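Below is one structure; the comments refer to it alone.
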Amino acid sequence: MVSRSIVQVLRELAQAAFGSGMNDEELKAQAIQDPEQAERLIAIESARANAKFKLFALFGVFVVIVVVILVVAALFVINKAGDLKLPWSSIRTVLGTLLGAPMLSALVWWAVRKLRGRRGGGTTPQAPPESRSEGDQNQVGTS
């Protein structure tokens, strides 16, 4: 099974939705031969630019919405933490919440990093990754 990154999948989806079916070199070669193709190429390029702008704008709106949701959630948690009946002041509770969450996240990140390091997860200059072409069953035409 071949796994692809999310970015590659999104690029392929965007190409399928907004692409013209031919690569740039083929379009340029046709545009040189025929003036009508040049006009078509200009129209295709402007459509691509508009599509990229729309995609970028949509992504920006999505990021803004996510940030607003995170801020509202943080304010909600801080408000609820301040309402707790604890033996110390509500200011200490709010500060503990604001500082405790990032510290807990950092602790989890550190623990995961240490566990991956023990399993030999990363490559270092002392231990470069092995060549994937050795013993590859799907390799064609190399010997």
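So in my numbering the end of the sequence shown lands on 1045, straight run, no missing numbers.
The beta-carbon is built from N, C-alpha and C at its ideal position, and this holds for glycine as well.
In this text, all values refer to a predicted model and were calculated from it rather than measured experimentally.
Asked, Found
"Pop quiz: ILE980 and THR999 are said to be a contact at Cβ under 8 Å. What is the actual Cβ separation, rounded to whole angstroms?", "6 Å"
"Which word fits LEU1006, buried or exposed, when buried means at least 16 other C-beta atoms lie within 10 angstroms of its C-beta?", "exposed"
"Which of the three DSSP states, helix, strand or coil, is assigned to LYS987?", "coil"
"Sort LYS956, PHE961, GLU941, ARG950 by Cα distance to VAL909 and report the nearest one.", "PHE961"
"Could you check what DSSP says for SER907 in three-state terms: helix, strand or coil?", "coil"
"With a threshold of 7 Å on Cβ separation, who are the neighbours of THR995 within its own chain once the five nearest residues in sequence on each side are excluded?", "ALA983, GLY984, LEU986, LEU988"
"Hey, could you find the ends of the alpha helix (DSSP H) ARG1021 is sitting in?", "Segment: none, ARG1021 is in no alpha helix (DSSP H) and carries neither H nor E."
"Quick check on this structure: which residue in ARG913, LEU977, ARG1015 has the alpha carbon closest to the alpha carbon of PHE958?", "ARG913"
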